[in-house]
Amino acid sequence: MSSLDPNKSLPPLPPLKSFSLTHILYDPTHPLSIPLTLLSLSPIFLFVSYFTLLIFTRRLTIFLLAAGQLGNEVLSWILKRLLKGDRPYMGHGEVGTGYGMPSSHSQAAGFLVAWGIGYSWTLASRGQREGNGNGRLGVVRKVRNGIYILGLVIWSIGVSYSRWHLHYHSPIQIIAGYSVGLVAGAAYFWLTEYLPIYHSGSLVGQIRKKVEYWWEGVGGVGGWELGDAKGGWGEGWLVVGKDETGQKRKKSR
Numbered sequence: 001m002s003s004l005d006p007n008k009s010l011p012p013l014p015p016l017k018s019f020s021l022t023h024i025l026y027d028p029t030h031p032l033s034i035p036l037t038l039l040s041l042s043p044i045f046l047f048v049s050y051f052t053l054l055i056f057t058r059r060l061t062i063f064l065l066a067a068g069q070l071g072n073e074v075l076s077w078i079l080k081r082l083l084k085g086d087r088p089y090m091g092h093g094e095v096g097t098g099y100g101m102p103s104s105h106s107q108a109a110g111f112l113v114a115w116g117i118g119y120s121w122t123l124a125s126r127g128q129r130e131g132n133g134n135g136r137l138g139v140v141r142k143v144r145n146g147i148y149i150l151g152l153v154i155w156s157i158g159v160s161y162s163r164w165h166l167h168y169h170s171p172i173q174i175i176a177g178y179s180v181g182l183v184a185g186a187a188y189f190w191l192t193e194y195l196p197i198y199h200s201g202s203l204v205g206q207i208r209k210k211v212e213y214w215w216e217g218v219g220g221v222g223g224w225e226l227g228d229a230k231g232g233w234g235e236g237w238l239v240v241g242k243d244e245t246g247q248k249r250k251k252s253r
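This is the structure in structure tokens:
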């Protein structure tokens, strides 16, 4: 062995374990394996998207969506340990580790589909500009929202199918996960968005107003839309004071 051998002076490795969150086995001979593997990983990328949107838009709605998606993952973790369903290829290398009922990836996809449909249906009550339902502008917005929802549904089906194609879940586990996600997403949207919008005087509506008040205090943006965020983190009244915040608002008009 050469004196320049890099392994000569290295200590022995401890027992290592794969980080299964992003570790996926696939069939290299199938032409769809790599695209479906990337689709299968996409629910994890959602949290990167949420974090990016939260930084730049500072919208409370984005924060609540991310928190709901995280809570949905916790729900899946609990259900797996209650149901204790085996994966279809139990003991087959990396594919057979952990419980498989329900599919957490399918559940994440179903959650976002339900939330996205709810958001689309309530656009008219989210401070949209006039003309949302009339004329060419209204048609454009309806078609655009339809394309968004269709794309979201197709994506979610692709994610769910990938879990079967890659042999990680059985069809019943995928259907169960997707169904739980739909129910959880719809219930969460109803609680955090629908009730505060249409029943602002309710207990949930009042809680949302309080949260939004303090959120704006640190430089976040309240309301219901996802864009057009002025200012920045740290520019809220809690940090710079209400007088200076008011002056900044007047100058920005």
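Residues 1 to 253 in the working numbering are what the sequence shown lists, from first letter to last.
Glycine is no exception: its CB is placed at the ideal position from the N, C-alpha and C atoms.
* Whole-angstrom distance between LEU82 and ILE174, CA atom to CA atom -> As a working note, residue 174 is residue 174 in the sequence shown. As a working note, residue 82 is residue 82 in the sequence shown. Spanning the two alpha carbons is a distance of roughly 17 angstroms.
* To do: State the Cα-Cα distance for the pair SER206 and PRO43, rounded to the nearest angstrom.
  => Along the sequence shown, one-based indexing puts residue 206 at 206. Along the sequence shown, one-based indexing puts residue 43 at 43. Reading off the sequence, residue 206 comes out as Gln, not Ser. Our two residues, GLN206 and PRO43, have alpha carbons roughly 32 angstroms apart in a direct line.
* Got a sec? Which residues, its chain only, sit under 7 angstroms from LEU150 by beta carbon, not counting five neighbours each side? -> As a working mapping, residue 150 is identified with position 150 in the sequence shown. Counting only Cβ-Cβ distances below 7 angstroms, and skipping sequence neighbours, we find nothing.
* Asked: For VAL239, which of helix, strand or coil comes out of DSSP?
  -> If you number the sequence shown from 1, residue 239 lands on position 239. Reduced to three states, the DSSP call for VAL239 is helix.
* Does the beta carbon of ILE197 sit closer than 7 angstroms to a beta carbon anywhere in chain C? -> Among the chains in the structure shown there is no chain C, since it carries only a single protein chain.
* Leaving aside the five residues before and after LEU65 along the sequence, list all residues of the same chain whose C-beta is less than 8 angstroms from its C-beta, in chain order. => Working through the sequence shown from its first residue, we reach residue 65 at position 65. Apart from the 5 residues on each side of it in sequence, LEU65 sits with its Cβ closer than 8 angstroms to the Cβ of TYR50, TRP115 in its chain, given in chain order.
* To do: Could you tell me whether the Cβ atoms of GLY100 and GLY110 are closer together than 7 angstroms?
  => Taking the sequence shown and counting its residues from 1, the one referred to as residue 100 is at position 100. Taking the sequence shown and counting its residues from 1, the one referred to as residue 110 is at position 110. Taking 7 angstroms as the Cβ cut-off, GLY100 and GLY110 do not qualify as a contacting pair.
* What is the residue span of the alpha helix (DSSP H) that GLY151 lies within? -> The residue labelled residue 151 in the question sits at position 151 within the sequence shown. Here the alpha helix (DSSP H) through GLY151 covers 135–165.
* Asked: Tell me which same chain residues have a C-beta within less than 8 angstroms of the C-beta of LYS80, skipping the five on either side of it?
  -> Taking the sequence shown and counting its residues from 1, the one referred to as residue 80 is at position 80. Spatial neighbours of LYS80 in its own chain (CB-CB distance under 8 angstroms, excluding positions within 5 residues in sequence) are listed in chain order as GLY98, TYR99, GLY100, MET101, PRO102, SER104.
* Mark THR52 as exposed unless 16 or more other C-beta atoms lie within 10 angstroms of its C-beta, in which case mark it buried. => Start at 1 with the first residue of the sequence shown, and residue 52 comes out as number 52. The residue in question, THR52, is exposed, as its Cβ has fewer than 16 Cβ neighbours within 10 Å.
* Expressed to the nearest angstrom, what Euclidean distance is found between the alpha-carbon atoms of SER156 and PRO35? -> Position 156 of the sequence shown, counted from the start, is the residue given in the question as residue 156. Position 35 of the sequence shown, counted from the start, is the residue given in the question as residue 35. Put simply, the backbone Cα of SER156 is about 14 angstroms away from that of PRO35.
* What first and last residue would you give for the alpha helix (DSSP H) that runs through HIS271? -> With the chain covering only 1 through 253, there is no way to say anything about residue 271.
* To do: Grab the span of the alpha helix (DSSP H) containing ILE62 for me, first residue to last.
  => Residue 62 sits at position 62 when you count from the first residue of the sequence shown. Residues 60–83.
* **Contact test: TRP190 Cβ vs the ligand ZN heavy atom, cutoff 6 angstroms** => Within the structure as shown, the ligand ZN is missing, as the structure has no ligands at all.
* Tell me the DSSP bridge mates of VAL266? -> Within the shown structure, residues of the chain are numbered from 1 to 253, placing residue 266 beyond reach of any answer.
* CB-CB under 6 angstroms to HIS165, same chain, minus the five flanking residues each way: which ones, in chain order? -> Within the sequence shown, numbered from 1, the residue matching residue 165 stands at position 165. Closer than 6 angstroms at the Cβ level, and outside the excluded window around HIS165, lie LEU36.
* To do: Between the Cα of PRO88 and those of LEU152, LEU60, VAL48, TYR168, spot the shortest distance and give me the residue it belongs to.
  => Working through the sequence shown from its first residue, we reach residue 88 at position 88. For the residues LEU152, LEU60, VAL48, TYR168, the minimum Cα distance to PRO88 belongs to TYR168.
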